[in-house]
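Beneath this line is the structure, given in structure tokens, with notes to follow.
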Amino acid sequence: MKKQPALKSTVAKKTSEGTGNGGEFHQFSGGTHAQLTTQQGQAISDDENSLKLSNTARPGPVLLEDFVLREKINHFDHERIPERIVHARGAAAHGYFELTDSLEKYSKARVLSQVGEKVPVFARFSTVAGNAGSPDLARDVRGFAVKLYTQEGNWDLVGNNIPVFFIQDAIKFPDLIHAAKQEPDRGFPQAQTAHDTFWDFVSLTPESTHMLMWIMSDRAIPRAFKNMEGFGVHTFRLINAAGKTTFVKFHWRPKAGLQSVIWDEALKINGGDPDYHRRDLWNSINEGKFPEWELAVQLFDERFVDKFEFDVLDATKLIPEEQVPLRVIGRMVLDRNPTNYFSETEQVAFMTQNVVAGIDFSNDPLLQGRNFSYLDTQLSRLGGPNFAQLPINAPKCPMMNFQRDGHMQFQTPPGRVSYSPSSLEQNTAREDPRTGFTSAKEHVEGDKLRVRPELFADHFSQARQFFFSQTETEQNHIVSAFIFELSKVETEAVRLRVLGQLANVDNGIAQRVANGLGIKGKIEKVATTVPAREDLPESPALSILKKAKKSLEGKLIGCLIADGSEATVVANLRKGAKKAGADLKMIAPKIGGAIAKNGAVIEADFQLAGGPSVLFDCIFLALSPEGAAALSSEAAAVAFVHDAFSHLKVIGATPDAQPLLDKAGVLADKGVVSANKKGAPIDDFLTRAAMGRIWEREPSVRTIY
Ligand code: HDD
6 MKKQPALKST VAKKTSEGTG NGGEFHQFSG GTHAQLTTQQ GQAISDDENS LKLSNTARPG
66 PVLLEDFVLR EKINHFDHER IPERIVHARG AAAHGYFELT DSLEKYSKAR VLSQVGEKVP
126 VFARFSTVAG NAGSPDLARD VRGFAVKLYT QEGNWDLVGN NIPVFFIQDA IKFPDLIHAA
186 KQEPDRGFPQ AQTAHDTFWD FVSLTPESTH MLMWIMSDRA IPRAFKNMEG FGVHTFRLIN
246 AAGKTTFVKF HWRPKAGLQS VIWDEALKIN GGDPDYHRRD LWNSINEGKF PEWELAVQLF
306 DERFVDKFEF DVLDATKLIP EEQVPLRVIG RMVLDRNPTN YFSETEQVAF MTQNVVAGID
366 FSNDPLLQGR NFSYLDTQLS RLGGPNFAQL PINAPKCPMM NFQRDGHMQF QTPPGRVSYS
426 PSSLEQNTAR EDPRTGFTSA KEHVEGDKLR VRPELFADHF SQARQFFFSQ TETEQNHIVS
486 AFIFELSKVE TEAVRLRVLG QLANVDNGIA QRVANGLGIK GKIEKVATTV PAREDLPESP
546 ALSILKKAKK SLEGKLIGCL IADGSEATVV ANLRKGAKKA GADLKMIAPK IGGAIAKNGA
606 VIEADFQLAG GPSVLFDCIF LALSPEGAAA LSSEAAAVAF VHDAFSHLKV IGATPDAQPL
666 LDKAGVLADK GVVSANKKGA PIDDFLTRAA MGRIWEREPS VRTIY
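Residues are numbered in my numbering as their position in the sequence shown, beginning at 1, plus a constant of 5.
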């Protein structure tokens with residue numbers, strides 16, 4: 006990047022003629038400022054007007070000679086690079102990884118064996134199907150990619166927030182993505198799987214069934230990036246100093262706990278704040294509430310591989326935590342927002358093939374294909390083979406080789422020698438088998454064939470295990486999601502085929518979805534070679550709700566105010582929220598704030614129409630009788646309360662807010678915390694809100710099929 010020259014110029018009245026801004030320089034900050042220059046460093050005298058053959062009264066033609074204009078427009082014309090074919094929509098942050106438990110016995114990688122060493126990281130979270138400008142709350146898998154700049158080179162753990170994948174072999178990836186992205190003839194719908202091509206493909210690809218259960222679950226609509234688990238998905242290998250290998254799966258576990266939104270809420274957040282997730286990440290870091298995850302591993306050997314019901318190299322299967330427990334070995338903290346979105350978040354190039362000595366690949370055919378794809382895609386996205394020199398991609402350890410030249414070569418390698426072996430110069434870089442990357446030794450023999458291993462053929466058992474490991478509420482949400490998605494599918498045969506695949510998981514699930522779609526008649530199972538096993542034990546670790554954290558830490562409370570609200574109620578709520586670690590936001594009819602009963606101004610963070618309750622985890626109505634009366638005929642206020650109720654949120658209210666609760670159709674339950682005498686039930690509200698949503702309310706606000 007070009008450095009701004011140190012040259013300073015003092016602001017002065019512009020004396021030259023013909024400026025369009027009253028003859029003055031633009032000057033907003035006072036004092037001195039850096040000189041604006043071209044890319045070539047020439048100082049710019051006028052950034053407001055192109056060079057014209059002109060007189061002061063009328064503009065004449067613009068002159069081709071104007072290199073300032075041409076350079077500026079030319080650069081602008083080339084500001085975009087191709088967005089990622091998948092995971093185009095993303096947000097990222099810097100931070101560090103710290104090892105807390107050494108895996109030296111299993112891996113010679115420094116990052117996995119030196120306890121206490123802090124390794125810089127850059128983590129990017131993303132949706133998969135949507136284009137770069139699509140909303141954050143699409144129902145989708147979230148990318149969870151972490152670049153660890155270790156002292157032994159970059160290690161990229163390019164994972165997702167779901168531990169399994171749609172397909173078993175990389176050769177199907179282009180088909181999967183073509184089916185999921187906007188349909189090629191019409192260019193829509195984007196950022197969603199609720200359309201014919203996606204369901205057509207997956208209904209003909211039974212190996213997707215387990216993943217479908219996950220993406221129809223609330224895992225696909227997380228509350229925030231900080232509330233997501235991350236998974237390396239594939240089985241990798243660790244290699245220790247003696248060359249012994251151990252299989253490993255990587256897991257990121259969020260300190261803030263798992264949390265998701267409700268589907269109707271997701272739909273509305275996409276309108277209310279399409280940047281909901283990236284804003285939350287940015288704000289959390291800005292406010293010093295650094296998102297944090299534990300890194301945990303599942304370690305296993307050949308003996309486990311032989312006895313496991315499925316193939317550990319099949320990316321559509323997971324290994325239940327109950328079978329191979331997680332061992333926590335470190336933590337990742339994200340504590341710095343990017344300085345520039347394009348330079349860092351857009352130009353970062355994650356690649357599965359970036360591993361360091363001590364970590365190795367397995368023969369998972371999906372992983373093997375990925376190892377080709379990621380380097381290849383960077384070449385077209387970043388324009389040439391020197392993208393690793395971009396600051397965000399460059400390793401933070403010494404890097405020396407004889408790769409030379411190419412587009413955008415920023416280095417100036419000295420000397421005559423750009424090859425190896427060589428003898429002309431001292432101290433040229435050499436390979437070293439003792440310290441260098443070595444692959445796990447493996448004896449392989451067989452026929453050259455295009456086949457899938459036999460153990461890969463069971464597509465339904467873990468789908469079934471996942472469904473029945475969920476709470477009743479979560480199962481209901483999965484069923485509703487299937488109904489929603491399939492109701493957007495126009496081709497009846499596709500809907501029926503999906504039901505036929507679901508029947509392979511469980512007849513009951515298929516029947517519930519059919520009921521919700523209004524499809525009558527017997528569901529025809531799609532033929533399968535391996536029926537679902539019914540003997541796999543439930544795995545509570547697969548449920549979000551079974552391990553949800555009951556806390557207000559990091560949550561957002563939305564408080565509705567209007568003229569006449571009591572300032573002390575708001576002050577007490579603020580105090581209580583702070584103590585609970587939550588953030589309190591004020592929503593008022595006017596962004597200028599509300600005039601409290603005592604005449605003070607209560608500042609607003611949101612204007613009512615721009616601060617719908619979907620943006621908050623729970624709401625409080627701090628209203629006076631006049632305020633409640635006025636807001637009862639304000640559709641946005643009624644919707645604010647009604648939505649919070651139907652999204653099962655805890656609602657706190659001053660007694661005077663009752664008319665608004667009534668207008669919004671709020672029925673008394675344990676999540677509606679309203680004092681019936683003077684005073685505000687702040688403590689009760691905060692205690693109740695910390696417990697999370699009121700799941701028992703759900704059957705009273707929407708049909709459960
Ligand atoms: Fe991929 C991007 C995760 C299968 C090909 N992938 C990408 C990103 C994530 C994943 C998180 C975004 C990285 C970023 O933030 O820049 N991908 C996965 C996971 C998979 C997976 C967890 C299965 C376990 N991917 C997969 C396959 C292929 C690709 C099978 C191709 C054969 N993925 C790509 C890609 C992308 C990508 C086309 C697009 C942009 C990029 O790489 O840098 O190469």
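Here a beta-carbon is modelled for each residue, glycine too, at the ideal position from N, C-alpha and C.
Simplified DSSP assignment, three categories, for residue i
{"i": "arginine 702", "result": "helix"}
{"i": "leucine 691", "result": "helix"}
{"i": "lysine 554", "result": "coil"}
{"i": "asparagine 159", "result": "strand"}
{"i": "alanine 644", "result": "helix"}
{"i": "leucine 563", "result": "The identity of residue 563 in the sequence shown is glycine, whereas the question assumes leucine. Strand, per DSSP."}
{"i": "glutamate 5", "result": "Nothing about residue 5 can be read from this structure; the chain reaches only from 6 to 710."}
{"i": "methionine 591", "result": "strand"}
{"i": "proline 438", "result": "coil"}
{"i": "alanine 301", "result": "strand"}
{"i": "aspartate 540", "result": "coil"}
{"i": "proline 179", "result": "helix"}
{"i": "glycine 697", "result": "coil"}
{"i": "valine 408", "result": "Note on residue identity: the sequence assigns glutamine, not valine, to residue 408. It is coil, neither helix nor strand."}
Under 9 Å between C-beta atoms of residue i and residue j
{"i": "leucine 665", "j": "leucine 620", "result": "no"}
{"i": "phenylalanine 315", "j": "glutamine 475", "result": "no"}
{"i": "lysine 273", "j": "proline 617", "result": "yes"}
{"i": "glutamine 480", "j": "phenylalanine 487", "result": "no"}
{"i": "alanine 585", "j": "leucine 541", "result": "no"}
{"i": "glutamine 358", "j": "tyrosine 379", "result": "yes"}
{"i": "glycine 237", "j": "histidine 256", "result": "yes"}
{"i": "phenylalanine 645", "j": "leucine 691", "result": "no"}
{"i": "leucine 68", "j": "lysine 77", "result": "no"}
{"i": "aspartate 106", "j": "arginine 258", "result": "no"}
{"i": "proline 330", "j": "glutamate 234", "result": "no"}
{"i": "aspartate 102", "j": "leucine 300", "result": "It should be pointed out that residue 102 corresponds to phenylalanine in this sequence rather than to aspartate. Yes, Cβ-Cβ distance for phenylalanine 102 and leucine 300 is below 9 Å."}
{"i": "aspartate 319", "j": "isoleucine 549", "result": "no"}
{"i": "threonine 496", "j": "aspartate 205", "result": "yes"}
{"i": "alanine 658", "j": "valine 678", "result": "yes"}
{"i": "leucine 565", "j": "alanine 680", "result": "no"}
Buried or exposed (CB count within 10 angstroms, at least 16 for buried), residue i
{"i": "methionine 413", "result": "exposed"}
{"i": "phenylalanine 392", "result": "buried"}
{"i": "histidine 464", "result": "buried"}
{"i": "phenylalanine 130", "result": "buried"}
{"i": "glutamine 506", "result": "buried"}
{"i": "isoleucine 86", "result": "exposed"}
{"i": "proline 189", "result": "exposed"}
{"i": "glutamine 431", "result": "exposed"}
{"i": "threonine 350", "result": "buried"}
{"i": "glutamine 47", "result": "exposed"}
{"i": "alanine 640", "result": "exposed"}
{"i": "aspartate 161", "result": "buried"}
{"i": "glycine 28", "result": "Residue confidence for glycine 28 is low, a pLDDT of 44 falling below 50, so the modelled location carries little weight and cannot support an answer."}
{"i": "glycine 604", "result": "exposed"}
{"i": "glycine 559", "result": "buried"}
{"i": "histidine 80", "result": "exposed"}
{"i": "glycine 293", "result": "exposed"}
{"i": "methionine 404", "result": "exposed"}
From the options, residue whose alpha carbon lies closest to that of residue i
{"i": "leucine 181", "options": "Val207, Leu162, Asp161 and Gln373", "result": "Val207"}
{"i": "glycine 526", "options": "Arg517, Thr533 and Ala532", "result": "Arg517"}
{"i": "alanine 508", "options": "Ile324, Gly523 and Ala532", "result": "Ala532"}
{"i": "aspartate 622", "options": "Ala96, Tyr281 and Pro536", "result": "Tyr281"}
{"i": "tyrosine 154", "options": "Pro279, Asn54, Met337 and Pro370", "result": "Met337"}
{"i": "arginine 147", "options": "Gly135, Gly158 and Gln156", "result": "Gly135"}
{"i": "aspartate 437", "options": "Asn406, Ile600 and Asn232", "result": "Asn406"}
{"i": "proline 419", "options": "Thr433, Ser428 and Gly411", "result": "Thr433"}
{"i": "valine 353", "options": "Ala62, Val163 and Tyr710", "result": "Val163"}
{"i": "alanine 567", "options": "Pro660, Asp369, Phe313 and Ala634", "result": "Ala634"}
{"i": "alanine 271", "options": "Pro686, Ala658, Arg308 and Asp648", "result": "Asp648"}
{"i": "alanine 185", "options": "Ser265, Phe230, Arg538 and His92", "result": "His92"}
Beta carbon proximity, residue i to chain B, threshold 9 Å
{"i": "threonine 214", "result": "Chain labels in this structure do not include chain B; a single protein chain is all it has."}
Residue i Cβ short of 8 Å to the ligand FMN heavy atom set
{"i": "serine 378", "result": "With respect to the ligand FMN, the structure offers nothing, as its ligand set consists of the ligand HDD."}
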